[in-house]
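Using the numbering used here, count along the sequence shown one by one with no gaps and you end on 241.
The beta-carbon is built from N, C-alpha and C at its ideal position, and this holds for glycine as well.
Predicted model, so just to flag it, every value in this text is computed and none were measured.
Reading through the structure tokens given below for one structure.
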Amino acid sequence: MSGALSFDLKAETEALRAKYLEQLESGCPCPRLQFEFASLLICSPNVKDLKDSADLLTELLEIGFCRSDCLFQLALVYLKLGHYSLAKRRVEALLRMGLGVQEPRNLSALSLHSLILDRAAYDGVSGSLILGLIAGGVLPSGSPPQQVRWRSLDRGPHR
């Protein structure tokens, strides 16, 4: 791809991880570097990286570093992990911070809030449907999948 920026997530993550660990060992980690590292970990498909990101961002939130940015990133990582109630709590805390309605950060937070609610509702409906099918005996709960026999709608009820 000529002219396009290429980005190697793994290499970038390892480079930032090395810088972060070096600063951590020296006893004075830079909060900005910790934030950048945590934000990069959110891009990872690895669940361990996502959990590490949440831990790093929570530490930063506790010391008051860039509170709105940390809340937004925490909402993202919790959304990606499927922890919708935690994601919702973080983005609602961000919305309560009193940013102006027309500020770009607040518009992003409103969009994220809407996405969290949509994903939670979708996953809730999907989960309820699957549980209902298992409880109704249509889907097996612990045994290997079996062929499901559906009754024909035009023949009436089974006798």
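Quick check on DSSP: helix, strand or coil for residue i?
i: F147; result: coil
i: C152; result: helix
i: S126; result: coil
i: D90; result: coil
i: H195; result: helix
i: P113; result: helix
i: A100; result: helix
How long is the line joining the alpha carbons of residue i and residue j, rounded to whole angstroms?
i: S163; j: Q116; result: The question names Ser, but residue 163 in the sequence shown is Leu. Cα to Cα, the separation comes out at about 20 Å.
i: I198; j: L161; result: 7 Å
i: A97; j: L106; result: 14 Å
i: V173; j: Y102; result: 27 Å
i: L91; j: M179; result: 32 Å
i: L177; j: F89; result: 32 Å
i: F154; j: A100; result: 25 Å
i: D205; j: H195; result: 15 Å
i: T95; j: L123; result: 7 Å
i: R233; j: A191; result: Low confidence applies to R233: its pLDDT is 38, below 50, so where it sits in the model is not reliable enough to give any reading.
i: P226; j: C125; result: Its pLDDT being 45, under 50, P226 is placed unreliably in this model, and the coordinates cannot settle the point.
i: S193; j: S150; result: 15 Å
i: R171; j: A157; result: 8 Å
i: R114; j: P127; result: 23 Å
i: R241; j: R201; result: Model confidence at R241 stands at a pLDDT of 38, short of 50, so the residue's coordinates are unreliable and nothing is read from them.
i: F147; j: A175; result: 15 Å
i: S135; j: I145; result: 16 Å
i: K133; j: A93; result: 19 Å
Item to complete: Say whether the segment 160 to 170 touches the segment 141 to 149, bearing in mind that this needs 3 or more beta-carbon pairs closer than 8 Å, one atom from each stretch.
Response: no
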